[in-house]
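Chemist: Please read through the structure below; I'll follow up with questions.
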Amino acid sequence: MIQIISAIQRKGGAGKSTMLQSLAVSLANDNAKVVIIDTDPQMSCMKWAESLEIKNLDVVEHVNENSLRDMIQALSDRNYDVILIDTAGYDSRIASYAIKSSNLLLVPTSGSKSSIQGSADTWKHIDEETENLKIRPIVKIVMWNVNIQSNIFSHSKKQLENANLPLLDVVVPRLTGFEEMSWNGGMSVKSSTRKAVASFISALQRHKLIDFYEDK
């Protein structure tokens, strides 16, 4: 059965697109058939994929609030293993439908005060949006692109833990390789970036959050 995973955050610049791109490439390299639906008007994933040819990975543009349901259904009929949805914030009909359609919602936070608040607001919004669903999506806050050398890193992590937010037990550090991905497409060739992404994927696998790996 196809799995739908969306990245969502109230605050812009938290790393949604890069996180989804990293997940997409990792899954595709493991022979999963993956498609990214880019609903963000900035089209970060579409631009990233312009000169990109990765086996098993497609990226499609969709900004029509009224037909995301139809697109998801059409893609579900094309034998993909995973649909990834990149959203623009959460204050839109298209984001609302992405939330309600997903099995897993990933909320990135860089660890800054505004990003942490954005994560808390996003989690609350998701809770309200899905309260009447029979099967609610799993939600995970992901510390992504975090400056682990800063004095506030430990404080930020503790704040997230104390707030009882559903924090994934991995920290993906701020690395130049993630910036290079937006320019060059694909996965960074830097070993530090690949190692960081591998730890992220391992955390998702450890908690049995990616159906593709559980079915193997």
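Sequential numbering of the sequence shown, starting at 341, is according to our numbering.
Glycine included, C-beta positions come from ideal geometry on N, C-alpha and C.
1. Below 7 Å between beta carbons: does that hold for Ile377 and Thr427?
2. According to the neighbour-count rule (16 or more other Cβ atoms, all chains shown, within 10 Å of its Cβ), is Arg433 buried or exposed?
3. Here's the rule I'm using: 16 or more other beta-carbon atoms within 10 Å means buried, otherwise exposed. How should Asn491 be labelled?
4. Could you tell me whether the segment 475–489 touches the segment 448–467, where touching means 3 or more Cβ pairs closer than 8 Å?
5. Among the candidates His402, Asp370 and Gln499, whose CA atom is the shortest distance from the CA of Cys385?
6. Looking at Leu473 and Ile345, is the spacing between their C-beta atoms short of 7 Å?
7. Under the three-state reduction of DSSP, which class applies to Met483: helix, strand or coil?
8. Considering just the uninterrupted stretch of the alpha helix (DSSP H) at Ala438, what are its terminal residues?
9. Considering only C-alpha positions, which residue in the set Asn502, Val511, Ala536 and Gln499 is nearest to Gly517?
10. Would the segment 443–454 and the segment 404–412 be scored as touching if the rule is three or more Cβ pairs under 8 Å?
11. May I ask which residues mark the beginning and end of the alpha helix (DSSP H) holding Ala414?
12. Beta-carbon within less than 6 Å of Arg418's beta-carbon, same chain only, minus the 5 sequence neighbours each way: which residues are those?
13. In three-state terms, what does DSSP make of Ala543?
14. Here's a check: name, in chain order, each residue in its chain whose Cβ is nearer than 6 Å to the Cβ of Ala561, leaving out the five neighbours to either side.
15. With distances taken Cα to Cα, identify the nearest neighbour of Ser366 among Gln343, Lys548 and Ser542.
Modeler: The relevant details are as follows:
1. As a working note, residue 377 is residue 37 in the sequence shown. As a working note, residue 427 is residue 87 in the sequence shown. No. Outside cutoff.
2. Translated into positions along the sequence shown, residue 433 becomes position 93. When all chains shown are included, Arg433 counts as exposed.
3. As a first step, residue 491 is located in the sequence shown; it is residue number 151 there, counting from the start. By the 10 Å Cβ count, Asn491 comes out exposed.
4. yes
5. The count along the sequence shown starts at 1 and reaches residue 385 at position 45. Minimum Cα distance to Cys385 is reached at His402.
6. Here the question's residue 345 lines up with position 5 in the sequence shown. Here the question's residue 473 lines up with position 133 in the sequence shown. No, Cβ-Cβ distance for Ile345 and Leu473 is not below 7 Å.
7. Along the sequence shown, one-based indexing puts residue 483 at 143. Looking at Met483 - three-state DSSP - the assignment turns out to be strand.
8. In the sequence shown, the residue the question calls residue 438 occupies position 98. Arg433 to Ser441 is the span of the alpha helix (DSSP H), which, as asked, contains Ala438.
9. Within the sequence shown, residue 517 is the residue found at index 177, counting from 1. Among Asn502, Val511, Ala536 and Gln499, the Cα nearest to that of Gly517 is on Ala536.
10. Under the Cβ criterion (8 Å, minimum of three pairs), the segment 443–454 does not count as touching the segment 404–412.
11. Against the sequence shown, residue 414 aligns to sequence position 74. Counting along the chain, the alpha helix (DSSP H) containing Ala414 begins and ends at Leu408 to Ser416.
12. Counting from 1 along the sequence shown, the entry for residue 418 is found at position 78. Within the same chain, Arg418 has no close Cβ partners at all.
13. Along the sequence shown, one-based indexing puts residue 543 at 203. The answer is helix: DSSP assigns Ala543 an H, G or I state.
14. In the structure displayed, the chain extends from 341 to 556; residue 561 sits before or after that span and is not available.
15. Within the sequence shown, the letter at position 26 stands for residue 366. The shortest C-alpha to C-alpha distance from Ser366 to any of Gln343, Lys548 and Ser542 is the one to Ser542.
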